[in-house]
Structures are given as structure tokens and as C-alpha cells.
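Trainee: Heads up, the sequence shown stops at 1250 in the working numbering, and the numbers go up one at a time, no gaps.
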Amino acid sequence: MTAVAGVDLGGTAVNYTLVDEQGKFLVEDLCEYPSLAKQGPEICLRQIADGLKVAADRAGVVLEDVVAVGLDTPGPASSAGLLSARGSTNFVHAKWAGFDIREGLAHKLGKPVSYLNDANAAALWGHYAIFGGNSKETSVSIIIGTGNGGGIILDGNVVKGKNGFGAELGHVLIPYQSIAGTEGINPRCNCGRTGDLESLCSLTAIERNLLPYFLPRYPGHELAKLDSHQAAKMVRGLADKGDALCKEIFRVQAHALGLFFDEMVNTFDPDALIVGGGALEASEEFQKWFMSEIRAGMPNQREEQAGIPIYVIPNGDTAGARGAAIEALNLAKQSGLM
Ligand SMILES: [Zn+2]
């Protein structure tokens, strides 16, 4: 039985999955191996190879029958997997600067390797979960975490962009001044912009912009006693329990997302809008409310556009590895390996 593997390389863990020719996932849940990214390319790539053997064993696949591997990592990196020469938080070791991680892994494994950044991989999984393989549909995905990850699948293909910055959707500016109840807010983003999606709809947005704006309006609130980072992490849980301040913060985030999705609807006329990430790891009731607030935050749509569905990405913690595996499956089929 031939298969392909998906390898999601993060700062602390490598997550694996395997898929057979029919697109069936052979690893149900999380299959993790420690990441040694901080120790540089040589040690990290050996570690990935060791973990792949463990994952293949677990899936009941002989390593020789893994015909291609899909790798995804945090950026910044080119669309072909060349890590930024300026380094990044996850690849601090000096030898990573300008390192071709896709080529390096292909050499280490002796197998063809495809590459996606982690957000694009998660978006590809979300798209596949809805539309299946060989899809010709278009979707726009937002992953809400510390910042925003984004992914656009256009007519079935991942939009990577010339420099690997395709679908950096968190830094797209939105007309935030139209969000009710935020008069005078000044949402700054790490990237230097004011009023992009990430400055209003991320954990960092809660800490830097939304809590400082709303806390003074709720005197005596319990979160005022905590440091801003700790407080920000508690907002989702409290919102889920119905806390008025925290729900207001999530309403603003949902409305920001609504404005952003409206821009995407008018740009792509997509088949689906998709939301994922830690922000939605809450009760089903809260998820439903949040989705309805996204809709409420969108300007009026044309009748044809109003029906575009909004989905939640399933299997959040394995989304990257799954998307990477689907990209490898495409590579294997295009190269005649399957
Ligand atoms: Zn930004």
C-alpha cells in the first residue's frame, strides 16, 4: 500500500499524519514527536526523519511505501520552502537563515517533498474537509490564534504568491471605524498598520487593543487585576460563560471578521468562508453565536452572495499536518508516483 505523509513542524513539536491513495487518513488523532528546530537544520531534519518512521509504523505503512512527504512550517519562507534570510521566531539558529528546508528534507529522506506555510496548510485541510479531493472550488480561511493565519484556495489551488506571502490575510486593512461601540479605538498591529484584521481579531488584539479599550468601561472587572497577557488568555473562557465585557470583545472580533469576509466575498465570490483556531475552541453554543455575529458584522450582501456558507475548520490541532499531506498527495499524483 502506497501512502504520503504530512509533517507539521512547529517550535516544540512535529505533528505527523499519513494518507493513502484514496485520500483516507491513516492516523486518527495527534501523532507528535519533539521538535528540535532550535538546534539548527542538521539535528532538526534527523529528528523529523526519526519521527516519520514512528508515525509510519503507527499507521501500519512501510517507510519505503511513503512515496512523497508534505512539509509545513511557520514562515516567513518562500513558496518553495526557502526560509527567510532574516530568520524567524521558530528558526532562530543561525544556520536556518536562508536555508532551503524543503530541499533539505527531500535530501534527508530521499523522497520528493512539497512545502506550504502552516496557515496555508491548515486552510487546505479546511477546504479538503468540505469539498474533498480534486476540488475546483474557492475558499477563504482565517485561523485565529496569537495572530491570524490565512489561506486562499482558488479553483482548488493554494494561492502562495510570488514571495510566499500570499494570503497573509491578517494584515489586510478593514474599515474598523464602522464597528459599533468602538468609537475612538486605535488598533495597532505588530506589522505597523492600524486597523488590519489581526489588530482586531486575535489573541494579540485582545491583549494590546481590545482589553485596554473595554476594561475602563467596566469598572471593577476581575480581569483588571491581572497582567494583560494573562487577562487576554481568559477572555474566551469568560465570554463562553456569558461575561458581558468578554462577550463584547468577541462581538467586536466577529464584526471585524465580518467586514473582512465582505471584502473577500467581493474579491473572490468564493464557495466557502472558513474560520479556525483557538478562538473557536469553545462550547457549540458559543461557536454558533460567534458565527451569527460574523454575519451580523457583514454589510448587506447581494442575494446571490448572502448564501455563501461560513464553516469551522475541524481537527484544529492536526490541521497543519493534514493539509501538508494533501499537498503531498497532489504532488505524488502529478508526478505519477501514485
Ligand atoms: Zn498587521
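Where a beta carbon is used, it is the ideal one built from N, C-alpha and C, also for glycine.
Since we're looking at a predicted model, the values are computed, not measured.
DSSP three-state call for residue 1174: helix, strand or coil?
Mentor: Within the sequence shown, residue 1174 is the residue found at index 262, counting from 1. If DSSP states are grouped into helix, strand and coil, residue 1174 belongs with the helices.
Trainee: If the criterion is Cβ atoms closer than 8 Å, does the pair residue 919 and residue 960 meet it?
Mentor: As a first step, residue 919 is located in the sequence shown; it is residue number 7 there, counting from the start. As a first step, residue 960 is located in the sequence shown; it is residue number 48 there, counting from the start. It is a contact, given that the beta carbons lie within the stated cut-off.
Trainee: Within this structure, are the beta carbons of residue 930 and residue 917 separated by less than 8 Å?
Mentor: As a first step, residue 930 is located in the sequence shown; it is residue number 18 there, counting from the start. As a first step, residue 917 is located in the sequence shown; it is residue number 5 there, counting from the start. Their beta carbons are under 8 Å apart, which means residue 930 touches residue 917 by this criterion.
Trainee: Suppose only complete runs of 3+ residues qualify. What are the beta strand (DSSP E) ranges in the region 1080-1106, listed by chain order?
Mentor: Entirely contained in the region 1080-1106, not one beta strand (DSSP E) run reaches 3 residues.
Trainee: For residue 1185, which three-state DSSP category applies?
Mentor: Within the sequence shown, numbered from 1, the residue matching residue 1185 stands at position 273. Strand, per DSSP.
Trainee: When every heavy atom of ligand 1 is checked, does at least one fall within less than 7 Å of the C-beta of residue 1148?
Mentor: Against the sequence shown, residue 1148 aligns to sequence position 236. No.
Trainee: Between the region 1071-1079 and the region 1125-1138, are three or more C-beta pairs nearer than 8 Å?
Mentor: Contact fails: fewer than three Cβ-Cβ distances are below 8 Å.
Trainee: For a quick check, are the C-beta atoms of residue 1234 and residue 1043 less than 8 Å apart?
Mentor: Your numbering for residue 1234 matches position 322 in the sequence shown. Your numbering for residue 1043 matches position 131 in the sequence shown. No, Cβ-Cβ distance for residue 1234 and residue 1043 is not below 8 Å.
Trainee: Put residue 1221 into one of helix, strand or coil per three-state DSSP.
Mentor: Here the question's residue 1221 lines up with position 309 in the sequence shown. It is coil, neither helix nor strand.
Trainee: Could you work out which residue in 921, 1060, 1242 and 1165 is closest to residue 1204 when comparing CA atoms only?
Mentor: By one-based count along the sequence shown, residue 1204 stands at place 292. When only C-alpha atoms are compared, the closest one is 1165.
Trainee: Can you tell me which of the three DSSP states residue 1197 falls into?
Mentor: One-based indexing of the sequence shown puts residue 1197 at position 285. Three-state DSSP puts residue 1197 in a helix.
Trainee: Do the region 998-1010 and the region 1200-1215 touch if we need at least three Cβ pairs shorter than 8 Å?
Mentor: Cβ pair count under 8 Å is below three, so no.
Trainee: Pick out every residue whose C-beta is nearer than 5 Å to a heavy atom of ligand 1: which are they, in chain order?
Mentor: Listed by chain position, these are 1083, 1101, 1103, 1105, 1108 and 1110.
Trainee: Is residue 989 buried or exposed, if buried means 16 or more other CB atoms sit within 10 Å of its CB?
Mentor: Reading the sequence shown from its first residue, position 77 is the one you call residue 989. The residue in question, residue 989, is buried, as its Cβ has 16 or more Cβ neighbours within 10 Å.
Trainee: Sorted by chain position, which residues of the same chain lie with C-beta nearer than 8 Å to residue 926's C-beta, five sequence neighbours on each side aside?
Mentor: Working through the sequence shown from its first residue, we reach residue 926 at position 14. 919, 920, 944, 945, 946, 947, 959, 960 and 963.
Trainee: With distances taken between CB atoms, is the gap from residue 1249 to residue 980 smaller than 8 Å?
Mentor: Here the question's residue 1249 lines up with position 337 in the sequence shown. Here the question's residue 980 lines up with position 68 in the sequence shown. Yes, the Cβ-Cβ distance between residue 1249 and residue 980 is below 8 Å.
Trainee: In angstroms, rounded to a whole number, what distance separates the CA positions of residue 975 and residue 1247?
Mentor: For the purposes of this step, residue 975 is taken as the residue at position 63 of the sequence shown. For the purposes of this step, residue 1247 is taken as the residue at position 335 of the sequence shown. Their backbone Cα atoms lie some 19 Å apart in a straight line.
Trainee: Out of 1035, 1013 and 1219, which one is the CA nearest neighbour of residue 1025?
Mentor: Here residue 1025 refers to the residue found at position 113 of the sequence shown. Per the Cα distances, 1013.
Trainee: Of all the options 1038, 1030 and 1016, which has the alpha carbon lying nearest to the alpha carbon of residue 1186?
Mentor: Here residue 1186 refers to the residue found at position 274 when the sequence shown is read from its first residue. For residue 1186, the nearest C-alpha among the options comes from 1038.
Trainee: Buried or exposed: which applies to residue 984, given that a residue is buried once 16 or more other Cβ atoms fall within 10 Å of its Cβ?
Mentor: Here residue 984 refers to the residue found at position 72 of the sequence shown. The residue in question, residue 984, is buried, as its Cβ has 16 or more Cβ neighbours within 10 Å.
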